[in-house]
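Taken in sequence, the protein lines are chains A and B.
Residue 282 in the numbering used here is what sits at position 282 of the first sequence, and the numbering runs on without skipping anything.
Residue 824 in the numbering used here is what sits at position 415 of the second sequence, and the numbering runs on without skipping anything.
Every residue, glycine too, gets a C-beta built ideally from N, C-alpha and C.
Please read these numbers as outputs of a predicted model, since none were measured by experiment.
Quick notes on the structure that follows.
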Amino acid sequence: MFKPSHHIIVGLELGTSKICVVVGALSHEGVLNIIAVGQHKSRGVRKGEIVDHDLASEDVREALRQAEEMAELRIRSVYLGVTGAHIKGFTNRGRHHLPPPERQVTEADIEDVGHNACALGLPAEREVLHVFRQHYVLDGRGGILNPIGLTGEVLELDVHVIHGHSERLKTPINLVRQAQIDIEEVVFNGIGSSLAVLTPQQKDLGALVIDLGAGATEYVVYAGRVVRHSGVLAVGGDHVTNDLAYGLRLSQSHAEQLKVEHGAALMAPEVRGRTLALQANGLESDTVSLENLHRIMSLRLRETLDIIAEDVDRTGLLSFLRAGVVLCGGGARIPGICQLAQEVFGLPATVATCRDLGGQAASLDQPEFATGIGLVRFGATRVGQRRSAGLMARLASKVGGLLNKTAKP
Amino acid sequence: MNPAESHPLPEETSAPGPRVKIVGVGTAGLRAVEHLAARAAGALPLAVVHTDARLLQQCAVAERVLLGEALTRGWRAGDPDVARAVAEGETERLQALAAGADLLLVVAGLGGSTGSGVTPVLARVARDQGCLVLGVVTTPLELEGRHRARQAEEALRRCHTAADAVVVLPNQRVIRLVGEDCLLQEAFDRVNDVLAEGLLGLTRLAAGRGIVSVGFAELCETLRGRHSESVLATGEAAGEGRVREAWKRVLACPFLGGAETLAQAQNVLLWVEAGSLPLKELSHVMEEAARHCDDRNILMGAATDPALGDRLRLVLVGAVHSHADAPAWTPPPEDPETEIVERPASSAEREPPRARRFVPPPPKLTPEETARLFAENKRKGKQRKTASPRNVQFMLPLEVVRKERFEKCDPTRYRGEDLDVPTFVRRGVRLN
Ligand SMILES: Nc1nc2c(ncn2[C@@H]2O[C@H](COP(=O)(O)OP(=O)(O)OP(=O)(O)O)[C@@H](O)[C@H]2O)c(=O)[nH]1
Ligand SMILES: Nc1ncnc2c1ncn2[C@@H]1O[C@H](COP(=O)(O)OP(=O)(O)OP(=O)(O)O)[C@@H](O)[C@H]1O
Ligand SMILES: [Mg+2]
Ligand SMILES: [Mg+2]
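Right, dumping it as structure tokens:
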């Protein structure tokens, strides 16, 4: 058993294919241990959003119960992961004129420029999830991480803002609340996954994390240690399955099975003309074209990655990603997906490993768990920040305030 | 002399046992509790919950809770969803109902509105308060029709999620005992008998005062882990050969559904009571038990109760591995005319026949693996319980939605294209 002095941090992902609860214990020394997971098949979620409240609620409760049983504690609050087509990221610049005569940057200026950067002018129905500090710009000179003490006229700050539709965010929030669970913070799944899979070096060198889920694909760009870009495409493994079901004239579940057992992200020349015998009731009744299976999948997957590449390329960041593309989510298991990503992005691509899991939790190192584990990491960072002052901590409390607003029914 | 002094209370009562409370929900639950009140001495805390004011008024049970008065004006809920909403709106009253109890037995007939809607909410509320919650529910007769069967099925699913354990008494099984000729009321009376037997048995077992003690703690151990099926059976006999006869009744108990069910039990609690209990008989009980279930899984407790005279009574509670292909209860089959075929027209002709549906695999972390992984966090020697119910959970063929996957959500649009349409279709790629 872990000591009561440990801080318990719980991450909850309401995924399209599975509900996943990850429990971490953060020691006073700042060591995070994953001590339990609970998961349940997800029946009430499509494209990352809840479509059947009751089913989702049951599944969540069951996953929570499992995690509680394993951790031998009562879960009271969670870091809730959210995703969906309504979630958008953009970069905003705040500007502040340094007052004469000194024109030297002080704490107060940092605060003012931070405040201005958070003035987003978003439509009323949008709710802010995250505001990540990027870099300061002093009189047009960018890339400054800490401008205190520097002198100039105009101080600017770039922040990356992730926001969502407030009504659609309320659905998962209310569902969790109804299970008598408090929400510490609402976190974009893509951020969670990135925290789980990127090392500090990768964040510094520049990396694109793509979480290929069942219902949605999230992507986040880190470079120079900060979040540079993020987005969601409401296309995922379900689309692959659906394409196969349609094209090969199979039921959804049969298509899912073939996808997992015989799928590939690229068309290999040797599958030309090959077929698969379908097993039905133990009899070989029918065949399906392996060539078509791979063709359908590779078309869908290439299109998905193309859309992401185009979006990231627009930001001009693609050539700065020296650590390449890191893939997670169940889709990262598809054979050939790294090679496909390499082709599409022109960058090295790897399947993620969840870092620093160590010892007994090492078998949690599976691409599907990235989000859940990352949510716990996010929580651990927050707990750390609460002990320190500075802009990030203030932003955290600001975001916390926004959450409260979001959460009101 | 004061009568209390001449009959001093037995010593155990100074350390009170677990507090058991029985709550009947809906008409069937109310009738079962009334029946119980008539049979058992007034010692048991009983309560009834309903949305029907008239029935509650006529009911003799002391603690009566009328739900949804503002909404349904005391005229029954009429629909399980309404009943559920009503209960969720009045959770404080349900909390008060469960307050102070260690074991809550919730009795209801599933299939109507109140029992189906309120039972899961009550179970959840009580469980959240720390009660061990056991649902004791009936499923409708076949003649009651598909609608009720479906409502009961839905409610049962919810009960399984909300309660620690649920024991199911299919009313149809009771009919088999009484024969098709009896009156409906007689049949329900017989159901109430069986329910009362079961409830009393559970109460005695939980109290667990005996020469060989099993009790509340063991009951918790056996029943927590809701995703196993739970079984309950009772049997009583007197005279020569009473052990064998009592066992025969246990196996015929309509709660149980036959000896096969018992054979699958992974944990069995067996409670034996008699006026006097010779060791020889006790070992006979165990021998019989070993014939019907894996005796490594049996935990036995025994007590003597002079009031029983010549009779011997068995109460059995167990958790059973549910088999995907042998569900405990299935609603009656659909008429072919009304069956809704939910598959895309394009694939209708060639939908390959399949024995079982394929469920996409969860991330490759088996429950056993997980359990082993975190074994260090667990109490030593008690892992058997946590591993198996989850195991069952993942083997169950959970519903795979057969409708078009994206029916319930907004289409994904990108540059005027609907990305939900297969890429190869939009690109005009011909398959060969
Ligand atoms: N044991 C018993 N079961 C009954 C009795 N009456 C009905 N049932 C069974 O219980 C099921 C549910 O019926 P009720 O209990 O009347 O329904 P309810 O939950 O009170 O719901 P509403 O009357 O619609 O508010 C029926 O489908 C029957 O199978 C009874 O008197 N005793
Ligand atoms: N070996 C495999 N080959 C192809 N696809 C796979 C494989 N393994 C898993 N998948 C797919 O991965 C998806 C599940 O991934 P994941 O668990 O990351 O999604 P999720 O978190 O439930 O969904 P989301 O984040 O989109 O809401 C499913 O669509 C599944 O079909
Ligand atoms: Mg996911
Ligand atoms: Mg995802």
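Closer than 7 Å at the beta carbon, the chain A residues around residue i
| i | result |
| --- | --- |
| T832/B | D243, L299, R300 and E303 |
| D602/B | What D602/B touches in chain A: nothing, since even the nearest Cβ is about 33 Å away. |
| L541/B | Result: empty, since nearest Cβ-Cβ is about 14 Å, beyond 7 Å. |
| L519/B | Result: empty, since nearest Cβ-Cβ is about 16 Å, beyond 7 Å. |
6 Å CB neighbourhood of residue i in its chain, flanking five on each side removed
| i | result |
| --- | --- |
| E421/B | Summary for E421/B: the model assigns pLDDT 40, below 50, so the residue's position carries little reliability, and this model does not support an answer. |
| M70/A | A36 |
| G433/B | L439, A441, V442, V457 and V516 |
| P348/A | G324 |
| I75/A | V10, L64 and E68 |
| A245/A | Q252 and A255 |
| G81/A | E13, V187, N189, G192, T371 and L375 |
| A361/A | I34 |
| S756/B | With a pLDDT of 30 at S756/B, under the threshold of 50, the modelled position of this residue cannot be trusted; read the value that follows with caution. Same-chain partners within the cutoff: there are none. |
Neighbour list for residue i in chain A, Cβ cutoff strictly below 9 Å
| i | result |
| --- | --- |
| R585/B | Within chain A, no residue comes near R585/B; the closest Cβ sits about 32 Å away, beyond 9 Å. |
| L506/B | The premise fails here: L506/B is roughly 18 Å from chain A at the closest Cβ pair, so nothing lies under 9 Å. |
| L628/B | Correct list: empty, because the minimum Cβ distance to chain A is about 17 Å. |
Chain-order list of residues whose beta-carbon lies under 7 Å from that of residue i (same chain, five-residue window excluded)
| i | result |
| --- | --- |
| N116/A | G94, R95 and H96 |
| R61/A | A179 |
| H239/A | R300 |
| P715/B | G684 |
Proximal residues to residue i (C-beta, below 8 Å), its chain only, five neighbours per side dropped
| i | result |
| --- | --- |
| P761/B | Annotation note: pLDDT 31 at P761/B (below 50); position unreliable, coordinate value reported separately. For P761/B, where only same-chain residues beyond five positions count, there are no Cβ hits under 8 Å. |
| R720/B | E645, A646, A647, R651, A683 and G684 |
| G624/B | G426, P427, L614, A615, A616, G617, R618 and G710 |
| A469/B | E443 and A446 |
| V495/B | T460, L476, G477, L480, T481, A486, G526 and V527 |
| L455/B | K430, I431, V432, G433, V442, L445, A446, V470, A471 and E472 |
| I620/B | L686, A711, A712 and T713 |
Amino acids of chain B, ordered along the chain, whose beta-carbon sits closer than 8 Å to that of residue i
| i | result |
| --- | --- |
| R46/A | R814, F815, K817 and C818 |
| D238/A | R814 and F815 |
| I307/A | Y823 |
| Q180/A | D537 |
| A85/A | D819 and T821 |
Boundaries of the alpha helix (DSSP H) in which residue i is found, first to last residue
| i | result |
| --- | --- |
| C591/B | Per DSSP, C591/B belongs to no alpha helix (DSSP H) and is neither H nor E. |
| K18/A | K18/A -> not in any alpha helix (DSSP H); beta strand (DSSP E) instead, spanning K18 to L26. |
| R493/B | P489 to G498 |
| A446/B | G435 to R448 |
| H97/A | Note, H97/A: premise wrong, no alpha helix (DSSP H); beta strand (DSSP E) at K88 to H97. |
| R61/A | H53 to A71 |
| G526/B | T523 to D537 |
Listed by chain order, chain A residues near residue i by CB distance under 8 Å
| i | result |
| --- | --- |
| V838/B | R295 and L299 |
| N676/B | Correct list: empty, because the minimum Cβ distance to chain A is about 16 Å. |
| R632/B | First, the residue type needs correcting, since residue 632/B is Leu and not Arg in the sequence shown. None at all; the shortest Cβ gap to chain A is about 13 Å. |
| L513/B | None at all; the shortest Cβ gap to chain A is about 18 Å. |
9 Å Cβ cut-off: residues of chain B touching residue i
| i | result |
| --- | --- |
| N292/A | F833, L840 and N841 |
| R61/A | R533, T570 and A571 |
Where residue i meets chain B, residues with beta-carbon distance less than 7 Å
| i | result |
| --- | --- |
| R377/A | Within chain B, no residue comes near R377/A; the closest Cβ sits about 18 Å away, beyond 7 Å. |
| A234/A | T821 |
| Y219/A | Within 7 Å Cβ-Cβ: nothing; Y219/A doesn't reach chain B, min ~14 Å. |
| V51/A | K817 and C818 |
| E58/A | T570 |
Range of the contiguous beta strand (DSSP E) that encloses residue i
| i | result |
| --- | --- |
| A469/B | No beta strand (DSSP E) contains A469/B, which DSSP labels as neither H nor E. |
| M709/B | I707 to T713 |
| A517/B | L512 to G518 |
| E682/B | A674 to A683 |
| T643/B | E638 to A647 |
Residue i beta carbon near ligand 6 (any heavy atom closer than 6 Å)
| i | result |
| --- | --- |
| G554/B | Ligands displayed in this structure: ligand 1, ligand 2, ligand 3 and ligand 4; ligand 6 is not among them. |
Ignoring anything shorter than 3 residues, give me the beta strand (DSSP E) runs that lie fully in the segment 103-166 of chain A, in order along the chain. 126-138, 141-144 and 154-165
Can you give, in chain order, each stretch of the beta strand (DSSP E) that sits fully within the segment 543-595 of chain B and has at least 3 residues? 574-579
Curious, which full-length beta strand (DSSP E) runs of at least 3 residues does the segment 171-256 of chain A contain? 182-188, 207-212, 217-223 and 226-233
Can you give, in chain order, each stretch of the beta strand (DSSP E) that sits fully within the segment 307-348 of chain A and has at least 3 residues? 325-328
How would the residue list near ligand 3 read, in chain order, if you kept each one whose beta-carbon is closer than 5 Å to any heavy atom? G15/A, G213/A and T371/A
Every unbroken alpha helix (DSSP H) within the segment 598-632 of chain B, with a cutoff of 4 residues, ordered by chain: 625-632
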